[in-house]
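Residue numbers (the numbering used here): 3 to 247.
Below you'll find the structure, written out as structure tokens, and then a few comments.
Given below as structure tokens:
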């Protein structure tokens, strides 16, 4: 009987300790629900919510990293839902281009390297672009760098290719508690390879980061390029001021 009593007491103590550890989050395997607050949603449903929220944001900033035949590409974009936009586009050693779009009017400022290396550049256009270097001007016809920068003004440039791939989404784990931006990791597959997305778990389900392959710009080229896009500053006040020319 004493042995039975001792066994019962030990079992009760173990159960109590287990309950306390669970309540305090002390168990290694007792990590927070990896899909919270999306536990009742499927992966595709979570992605669709993120797409809808990100598309509807009144304004957003995007930091883009990708590649081009001219080398690494970095772009820092601020845009609102009405189409106002600012872009700083750097193309490796080629140069840097700044773009401002207000009320449908586009102005750019770029260094000689960026403007003078456009595919259709001739001796005359090289001379013309050299004269425009450092000044705000209208983009020259066929300036594909300016076209690329303006294309980045549209968040759909990144969300559009991602949306058809949402059906393959699988929920992963959330970032560790206490991180600056708690997010649910979602992964999926596409014909070009895998993609990864981070979706906010507090506030609106904004898309915070996206890693995927983007189709090449232009026509007839085919193929795709890896890209990483970080989204931030949702719904924050943003004004694009037209530069003096």
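Virtual Cβ for every residue (Gly too), placed ideally from N, Cα, C.
Computed from a predicted structure; not experimentally measured.
Collapsed DSSP secondary structure at residue i in the structure displayed
| i | result |
| --- | --- |
| residue 43 | coil |
| residue 165 | helix |
| residue 232 | strand |
| residue 140 | coil |
| residue 246 | coil |
| residue 240 | coil |
| residue 58 | helix |
| residue 208 | coil |
| residue 151 | helix |
| residue 86 | coil |
| residue 213 | strand |
| residue 185 | strand |
| residue 170 | helix |
| residue 96 | coil |
| residue 177 | coil |
| residue 76 | strand |
| residue 107 | strand |
| residue 227 | strand |
| residue 68 | strand |
| residue 203 | coil |
| residue 52 | helix |
| residue 125 | Note on residue 125: pLDDT 47, under 50, position unreliable in the model; the coordinate value appears next. Here residue 125 sits in helix by DSSP. |
Close-in-space but distant-in-sequence residues of the same chain around residue i (CB under 6 Å, 5 per side omitted)
| i | result |
| --- | --- |
| residue 63 | 80, 234 and 235 |
| residue 138 | 109, 111, 245 and 247 |
| residue 153 | 159 |
| residue 86 | 104 and 242 |
| residue 232 | 65 and 211 |
| residue 92 | 76 and 98 |
| residue 198 | 189 and 213 |
Close beta carbons around residue i, own chain, < 7 Å, minus the five adjacent residues each side
| i | result |
| --- | --- |
| residue 74 | 94 |
| residue 2 | Nothing can be reported for residue 2, as the shown portion of the chain is limited to 3 through 247. |
| residue 82 | 60, 61 and 240 |
| residue 204 | 184 |
| residue 237 | 59, 60 and 61 |
| residue 177 | 184 and 185 |
Exposed unless 16 or more other CB atoms sit within 10 angstroms - verdict on residue i
| i | result |
| --- | --- |
| residue 42 | exposed |
| residue 145 | buried |
| residue 172 | exposed |
| residue 167 | buried |
| residue 1 | Any property of residue 1 remains undetermined from this structure, which presents the chain solely from 3 to 247. |
| residue 163 | buried |
| residue 141 | buried |
| residue 45 | buried |
| residue 193 | exposed |
| residue 239 | exposed |
| residue 175 | exposed |
| residue 125 | Low confidence applies here, because residue 125 scores a pLDDT of 47, under 50, leaving its location unreliable and the question unanswered by this model. |
| residue 107 | exposed |
| residue 69 | exposed |
| residue 88 | buried |
Closest residue to residue i among the options (Cα-Cα distance)
| i | options | result |
| --- | --- | --- |
| residue 165 | 174, 136, 190 and 112 | 190 |
| residue 160 | 142, 230 and 170 | 230 |
| residue 151 | 97, 239, 169 and 171 | 97 |
| residue 228 | 107, 173 and 66 | 66 |
| residue 59 | 84, 40 and 47 | 84 |
| residue 100 | 77, 203, 217 and 106 | 77 |
| residue 51 | 213, 208, 232 and 226 | 208 |
| residue 186 | 195, 212 and 88 | 212 |
| residue 2 | 204, 55 and 39 | Given a span of 3 to 247 for the chain in the structure shown, any question on residue 2 remains unanswerable. |
| residue 188 | 149, 182 and 169 | 169 |
Spatial neighbours of residue i in its chain, beta-carbon cut-off 8 Å, leaving aside the 5 residues before and after
| i | result |
| --- | --- |
| residue 155 | 79, 81, 85, 87, 89, 101 and 103 |
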